[in-house]
Amino acid sequence: MVTKEEAARYLCNAAPEHCFWVNNGPILKNVEELADALESLSEDAYHYHANQDKNDFSRWISEVIGDSKLANDLLRSKNKSSAVNKIRSRLNSLKKKAS
């Protein structure tokens, strides 16, 4: 179970040098921006970052944001829609806990 402090930390912006640079797309500072960006990301751009060889989104969430639960959920996502749903669900849970 995530603590109130952990939830708040997971919702914060990453330091500028740790932002996520989407291939030919925006620069993301936090999990909410990731969810928003994924919704409008092309399938090609999504698969550039998440494929059978790697998952840049999961790695960023794990290494920079520190949310291992969401990182593992993203590893299990089979497509962009599933990833967005898992991120949105986690965001809702974290926001409730942090408030």
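Heads up, the sequence shown is in this note's numbering, so the first residue is 72 and it goes up one at a time. We put the CB at the ideal spot given by N, CA and C, even for glycine.
When C-alpha distances from Ile136 are compared across Ser111, Met72, Lys75 and Cys83, the shortest belongs to Cys83. Excluding five sequence positions before and after Val93, the CB atoms of its chain that fall closer than 8 Å to its own CB belong to Leu99, Ala108, Leu112, Ala116 and His120, given in chain order. Across the structure, Arg159 and Lys168 are spaced so that their CA atoms are roughly 14 Å apart. Taken in chain order, the complete alpha helix (DSSP H) segments of 4 or more residues contained in the segment 117-160 are 127-131 and 139-147. Relative to the Cα of Asn95, the nearest Cα in the group Lys149, Ser139, His118 and Ala86 belongs to His118.
Of the other Cβ atoms in all chains shown, 16 or more fall within 10 Å of the Cβ of Arg161; this residue is therefore buried. In the three-state scheme derived from DSSP, where H, G and I count as helix and E and B as strand, Leu99 is classed as strand.
Sorting Asp124, Asn143, Phe128 and Leu145 by C-alpha distance to the C-alpha of His89 places Phe128 at the top.
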